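**Student:**
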Amino acid sequence: MAIPKIPLAEWIDHFVNFLRDTLEPFFNLISDGIGSFVDLLVWLLTIIPPSILIILFTGIALWVSRWSTAIFTAIGLLLIYNLGYWDGTIDTLALVLTSVIISIVIGIPIGIGISQNDRARNIVTPILDFMQTMPAFVYLIPAILFFGIGVVPGIIASVIFAMPPTIRLSNLGIRQVPEDLIEAANAFGSTTKQKLLKVQLPLAMPTIMAGINQSVMLSLSMVVIASLVGAPGLGADVYRAVTQIKVGVGFEAGFVIVILAIILDRISQNIGIKK
Amino acid sequence: MNDPKIEVRNVSKIFGKSPQQGVKMLNEGMTKKEILEKTGMTVGVNKASFKVYAGEIFVIMGLSGSGKSTLVRMFNRLIDPTSGEVLIDGQDIVKMKPKDLREVRRTKLGMVFQKFALFPHRTVLSNTEYGLEMRGIDKKTQREKAMEALRLVGLEGYENSYPSELSGGMQQRVGLARALANDPDILLMDEAFSALDPLIRKDMQNELLELQEKMEKTIIFITHDLDEALRLGDRIALMRDGSIVQIGTAEEILINPANDYVERFVEDVDLSKVLTAAHVMKRPEKLLAERGPRVALQIMKEVGISSVYIVDKGRKLIGAITAQDAADAVKNGKKIEEVMIRDIQTVSPDTLLTDLLECVATASLPVAVVDEENRLEGIIVRGAVLAALAGDEIQLNGKEVN
Numbered sequence: 065m066a067i068p069k070i071p072l073a074e075w076i077d078h079f080v081n082f083l084r085d086t087l088e089p090f091f092n093l094i095s096d097g098i099g100s101f102v103d104l105l106v107w108l109l110t111i112i113p114p115s116i117l118i119i120l121f122t123g124i125a126l127w128v129s130r131w132s133t134a135i136f137t138a139i140g141l142l143l144i145y146n147l148g149y150w151d152g153t154i155d156t157l158a159l160v161l162t163s164v165i166i167s168i169v170i171g172i173p174i175g176i177g178i179s180q181n182d183r184a185r186n187i188v189t190p191i192l193d194f195m196q197t198m199p200a201f202v203y204l205i206p207a208i209l210f211f212g213i214g215v216v217p218g219i220i221a222s223v224i225f226a227m228p229p230t231i232r233l234s235n236l237g238i239r240q241v242p243e244d245l246i247e248a249a250n251a252f253g254s255t256t257k258q259k260l261l262k263v264q265l266p267l268a269m270p271t272i273m274a275g276i277n278q279s280v281m282l283s284l285s286m287v288v289i290a291s292l293v294g295a296p297g298l299g300a301d302v303y304r305a306v307t308q309i310k311v312g313v314g315f316e317a318g319f320v321i322v323i324l325a326i327i328l329d330r331i332s333q334n335i336g337i338k339k
Numbered sequence: 025m026n027d028p029k030i031e032v033r034n035v036s037k038i039f040g041k042s043p044q045q046g047v048k049m050l051n052e053g054m055t056k057k058e059i060l061e062k063t064g065m066t067v068g069v070n071k072a073s074f075k076v077y078a079g080e081i082f083v084i085m086g087l088s089g090s091g092k093s094t095l096v097r098m099f100n101r102l103i104d105p106t107s108g109e110v111l112i113d114g115q116d117i118v119k120m121k122p123k124d125l126r127e128v129r130r131t132k133l134g135m136v137f138q139k140f141a142l143f144p145h146r147t148v149l150s151n152t153e154y155g156l157e158m159r160g161i162d163k164k165t166q167r168e169k170a171m172e173a174l175r176l177v178g179l180e181g182y183e184n185s186y187p188s189e190l191s192g193g194m195q196q197r198v199g200l201a202r203a204l205a206n207d208p209d210i211l212l213m214d215e216a217f218s219a220l221d222p223l224i225r226k227d228m229q230n231e232l233l234e235l236q237e238k239m240e241k242t243i244i245f246i247t248h249d250l251d252e253a254l255r256l257g258d259r260i261a262l263m264r265d266g267s268i269v270q271i272g273t274a275e276e277i278l279i280n281p282a283n284d285y286v287e288r289f290v291e292d293v294d295l296s297k298v299l300t301a302a303h304v305m306k307r308p309e310k311l312l313a314e315r316g317p318r319v320a321l322q323i324m325k326e327v328g329i330s331s332v333y334i335v336d337k338g339r340k341l342i343g344a345i346t347a348q349d350a351a352d353a354v355k356n357g358k359k360i361e362e363v364m365i366r367d368i369q370t371v372s373p374d375t376l377l378t379d380l381l382e383c384v385a386t387a388s389l390p391v392a393v394v395d396e397e398n399r400l401e402g403i404i405v406r407g408a409v410l411a412a413l414a415g416d417e418i419q420l421n422g423k424e425v426n
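The listed protein sequences correspond, in order, to chains A and B.
Heads up: the first sequence begins at 65 in the numbering used here, then just goes up one per residue.
Heads up: the second sequence begins at 25 in the numbering used here, then just goes up one per residue.
Okay, here's the thing in structure tokens:
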């Protein structure tokens, strides 16, 4: 039993340090980019008066879904405003939207890529498993090292955790397009790109939207964890309540997260279905 | 005939781990079963060779698993052949680069699928435009050509519907229109009508034949239904276990089955749907009206029949006279024209037996077979029809079925 412990932790430390030292300009660029994007979103959502924003969201809900969802959206947002969590909600919304947009921008192309190639899929799938099963807190450590404290490492951790469903379901949706439709597309002389744009993606859209919906939910579930590294918003309110053992405030903030989750879920669920 | 439109030379398809080895084994003369047992590989198509000429409907028929769908997919390389050549207008598409292959697919080959394979997210019109869209043709021309194709298949007014809103028969019309919109020389129809119910299927077969008269495409039609093959095919190739067992016209296959397999396949065929009046008609006894009833009676006595057909100088049929009427006419000094029966059942030489049966059964006189100018070609008696249906070859006049 003289086998020494494999110094896995040391290796990873070295690796992360190496990355931080060599890729620092790159990480700074990402950090600045994401940071300004979130700031822009928050600024946009803040200059619009709450009353108009509530009407706007209710309108979107009515447009993509049923009137009952619209009513829930209106009442839910009014309640949030009344409880005094409006600013936190805006911060959280910006955080969630940013991570979802990043998930979409990176995830859908990767999903399309691995749908075209079995070997690529076999390489990417275990990485996705790793991203989803590794406790999310663990990402926070290198995220702080690379991106410092604040909203950016929170978003990075959220993206890592929330992106896999978008990738998985994009891949699945494209692969699930019936074989005879692919044959038909080929028989009429479609190029790979034409086939993708005219047949596969439109038919995969409902599945891809289901993936995006999952990503929305997962990134929302990350808001409390993100607050640990200094991301502002409802997560920070919950975290503060926990550290100060304030049961009521904790429940209030949690309740607001639930309302926001339901609204985002219903809206994102229906975007793909109704045209 | 002129140069073949499509020529298939020694084409094989092996599914499995090392297809080239499979081809070698085929060349050594091993059977599909032996190769499967030895290597686990499946022979899809086994050294098929044949030519298809411009303007013909070439039916490839076989039971499921006989390799017919695999074979048709090698015409446009939806499946790549393991070995062999597929020449379209003299060009081997097997060796073509992807770009050239796409061009051939876009301009020369249209395909209709068994399960329609319509794009559910596109309207009927937009489905029909698909091939034109792939070619990058301008939107206006796309629309015009697609509308023309839809008119051709009788789907005017449905262009804004979605496929799911249409019945199976109508969906397949869209499939046909989509293939026709590109105006390809060749139509590949993979069990195109098999998913339709029998009545609709028959309608579609008739419409395809009508369309074909106007369009004169080269059609490769895949089916497992012998009746369909016999109805549509100018020539039929019969497949079994990946090999082509026999190629020929419907009649050649029915009358001279190449082997036991073909014979078993065709033994249940309804001959009445293949044989025509021309196969079973007899040489008629005919008489010019001016010759008079006496001569008519004489002829009937000599030949031993009870009626004779009356024609004019141009061999055109004008009536018939029975022995009884002729005898009465002689007694009363009347002319043939005054006593003959003018209302006579006639059929054309290419009438199918199945359509003949009723009038043969109910007619009191033998049924007259006349050409388009009403010239008497022959007569049909009941006995000859029954003999032909019983498969008696001697009765078939050695005529070609068209």
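We treat Cβ as the ideally placed atom computed from N, Cα and C, and that holds for glycine.
Being a predicted model, the structure only gives us computed values, none of them experimental.
Can the beta-carbon of aspartate 301 of chain A be found less than 8 Å from the beta-carbon of tyrosine 149 of chain A?
**Tutor:** Yes, these two residues count as a Cβ contact at 8 Å.
**Student:** Would you mind stating whether leucine 418 of chain A and valine 263 of chain A have Cβ atoms separated by less than 8 Å?
**Tutor:** Chain A is shown only over 65 to 339; residue 418 of chain A falls outside these bounds and no answer can be derived.
**Student:** Tell me whether the beta-carbon of isoleucine 276 of chain A lies closer than 8 Å to the beta-carbon of isoleucine 174 of chain A.
**Tutor:** In this structure, isoleucine 174 of chain A does not lie closer than 8 Å to isoleucine 276 of chain A by Cβ.
**Student:** Serine 163 of chain A and serine 332 of chain A look like a contact to me (Cβ under 8 Å); what is the Cβ gap, rounded to whole Å?
**Tutor:** With 8 Å as the limit, serine 163 of chain A and serine 332 of chain A do not qualify as a contact, their Cβ atoms being about 13 Å apart.
**Student:** Classify tyrosine 77 of chain B as helix, strand or coil using the three-state DSSP reduction.
**Tutor:** Residue state, collapsed to three classes: strand.
**Student:** Drop a sphere of 10 angstroms on the beta-carbon of asparagine 235 of chain A, count the other beta-carbons inside from all chains shown, and report buried for 16 or more, exposed for fewer.
**Tutor:** Classification for asparagine 235 of chain A: buried.
**Student:** Our contact map puts isoleucine 246 of chain B next to lysine 29 of chain B with C-beta atoms below 8 Å; I'd like the distance itself, whole angstroms only.
**Tutor:** Not confirmed; about 17 Å, so no contact.
**Student:** For a contact meaning CB atoms closer than 7 Å, what does lysine 139 of chain B contact in chain A?
**Tutor:** Near lysine 139 of chain B (Cβ distances below 7 Å), the residues of chain A are Asp244.
**Student:** Going along chain A in order, which residues have a C-beta closer than 8 Å to the C-beta of glycine 155 of chain B?
**Tutor:** Those within 8 Å of glycine 155 of chain B in chain A are Phe252, Gly253.
**Student:** Are the C-beta atoms of isoleucine 335 of chain A and some chain B residue less than 8 Å apart?
**Tutor:** No, isoleucine 335 of chain A lies away from the interface with chain B (no Cβ there is under 8 Å from its Cβ).
**Student:** Are the C-beta of leucine 102 of chain B and some C-beta of chain A separated by less than 8 Å?
**Tutor:** Yes - at least one Cβ of chain A is within 8 Å of the one on leucine 102 of chain B.
**Student:** Could you work out which residue in A:Ala317, A:Ile205, A:Val293 is closest to alanine 73 of chain A when comparing CA atoms only?
**Tutor:** Considering only alpha carbons, the answer is A:Ile205.
**Student:** Mind checking if glutamate 247 of chain A is an interface residue toward chain B, Cβ cutoff 8 Å exclusive?
**Tutor:** Interface residue, yes.
**Student:** Quick check on isoleucine 135 of chain A: buried or exposed, where buried means 16 or more other Cβ atoms within 10 Å of its Cβ?
**Tutor:** With fewer than 16 Cβ atoms within 10 Å of its Cβ, isoleucine 135 of chain A is classed as exposed.
**Student:** Output yes or no for whether 8 Å exceeds the beta carbon distance between methionine 65 of chain B and asparagine 100 of chain B.
**Tutor:** Their beta carbons are not under 8 Å apart, which means methionine 65 of chain B does not touch asparagine 100 of chain B by this criterion.
**Student:** Against chain B, which members of the region 261-272 of chain A pass a CB distance test of less than 9 Å?
**Tutor:** Under the 9 Å Cβ criterion, the region 261-272 of chain A contributes Lys262, Val263, Pro266, Leu267, Met269.
**Student:** Got a sec: is the Cβ-Cβ distance from isoleucine 180 of chain A to anything in chain B below 8 Å?
**Tutor:** The amino acid occupying residue 180 of chain A in the given sequence is glutamine; isoleucine does not appear at that position. No, its Cβ sits nowhere closer than 8 Å to a Cβ of chain B.
**Student:** Measuring only the C-alpha atoms, how far is glutamate 243 of chain A from alanine 219 of chain B?
**Tutor:** Whole-angstrom Cα-Cα distance: 17 Å.
**Student:** Please classify methionine 198 of chain A: is it buried, with 16 or more other beta-carbons within 10 angstroms of its beta-carbon, or exposed?
**Tutor:** It counts as exposed.
**Student:** Run through the region 241-318 of chain B for me and flag every whole beta strand (DSSP E) of 3 or more residues, listed as ranges in chain order.
**Tutor:** 242-247, 259-264, 267-272, 310-312, all fully within the region 241-318 of chain B.
**Student:** I'd like the span of the alpha helix (DSSP H) that includes glutamate 401 of chain B, first residue to last.
**Tutor:** No alpha helix (DSSP H) holds glutamate 401 of chain B; the beta strand (DSSP E) holding it covers 400-404.
**Student:** Taking Cβ-Cβ distances shorter than 9 Å, what residues in chain A pair up with phenylalanine 143 of chain B?
**Tutor:** Under the 9 Å cutoff, chain A gives Leu245, Ala248, Ala249, Lys262, Val263, Pro266, Leu267.
**Student:** With the cut-off set at 8 Å, would you say aspartate 249 of chain B and valine 96 of chain B are in Cβ contact?
**Tutor:** Cβ atoms of aspartate 249 of chain B and valine 96 of chain B: not closer than 8 Å.
**Student:** How many angstroms separate the CA atom of isoleucine 224 of chain A from the CA atom of leucine 245 of chain A?
**Tutor:** If I take the Cα positions, the gap works out to 34 Å.
**Student:** Express the C-alpha separation of leucine 292 of chain A and tyrosine 303 of chain A in angstroms, rounding to a whole number.
**Tutor:** Each residue's Cα considered, the two are about 8 Å apart.
**Student:** What whole-angstrom Cβ distance do lysine 432 of chain B and asparagine 398 of chain B have, given they're in contact under 8 Å?
**Tutor:** No answer is possible for residue 432 of chain B: it lies beyond the span of chain B, which begins at 25 and ends at 426.
**Student:** Which runs of the beta strand (DSSP E) at least 3 residues long sit entirely within the region 67-126 of chain B? Give them in chain order.
**Tutor:** Within the region 67-126 of chain B, the complete beta strand (DSSP E) runs of at least 3 residues are 81-85, 107-112.
**Student:** Show which residues of chain B have a CB atom less than 9 Å away from the CB atom of glutamine 240 of chain A.
**Tutor:** Correct list: empty, because the minimum Cβ distance to chain B is about 13 Å.
**Student:** Excluding the five sequence neighbours on either side, which residues of its own chain have a C-beta within less than 8 Å of the C-beta of leucine 50 of chain B, listed in chain order?
**Tutor:** Taken in chain order, the residues that qualify are Ser36, Ile38, Ile59, Val67, Asn70, Lys71.
**Student:** Taking the C-alpha atoms as reference points, what is the distance between leucine 204 of chain B and phenylalanine 194 of chain A?
**Tutor:** If I take the Cα positions, the gap works out to 51 Å.
**Student:** Identify each residue in the region 158-180 of chain B for which the Cβ-Cβ distance to at least one residue of chain A is less than 9 Å, and report them in chain order.
**Tutor:** Answer in chain order: Met158, Arg159.
**Student:** Please check the pair valine 394 of chain B and serine 372 of chain B, which I expect to be a contact at CB under 8 Å, by giving their CB distance rounded to whole angstroms.
**Tutor:** Sure, about 7 Å apart at Cβ, within 8 Å.
**Student:** Among B:Lys132, B:Ser267, B:Ile277, B:Glu287, which has the Cα closest to the Cα of aspartate 258 of chain B?
**Tutor:** Closest by alpha carbon: B:Ile277.
**Student:** Leaving out five residues before and five after glycine 422 of chain B in sequence, what residues of the same chain have Cβ atoms less than 6 Å from its Cβ?
**Tutor:** With a pLDDT of only 49 at glycine 422 of chain B, under the threshold of 50, the placement of this residue in the model should not be trusted; the figure read from the coordinates follows. Same-chain partners within the cutoff: there are none.
**Student:** Does the CB of arginine 129 of chain B have a neighbour CB from chain A at under 8 Å?
**Tutor:** Chain A contact via Cβ: present.
**Student:** I believe isoleucine 345 of chain B touches valine 332 of chain B by the beta-carbon criterion, under 8 Å. Please report the beta-carbon distance rounded to the nearest angstrom.
**Tutor:** Yes, isoleucine 345 of chain B and valine 332 of chain B are in contact; Cβ-Cβ is about 6 Å, under 8 Å.
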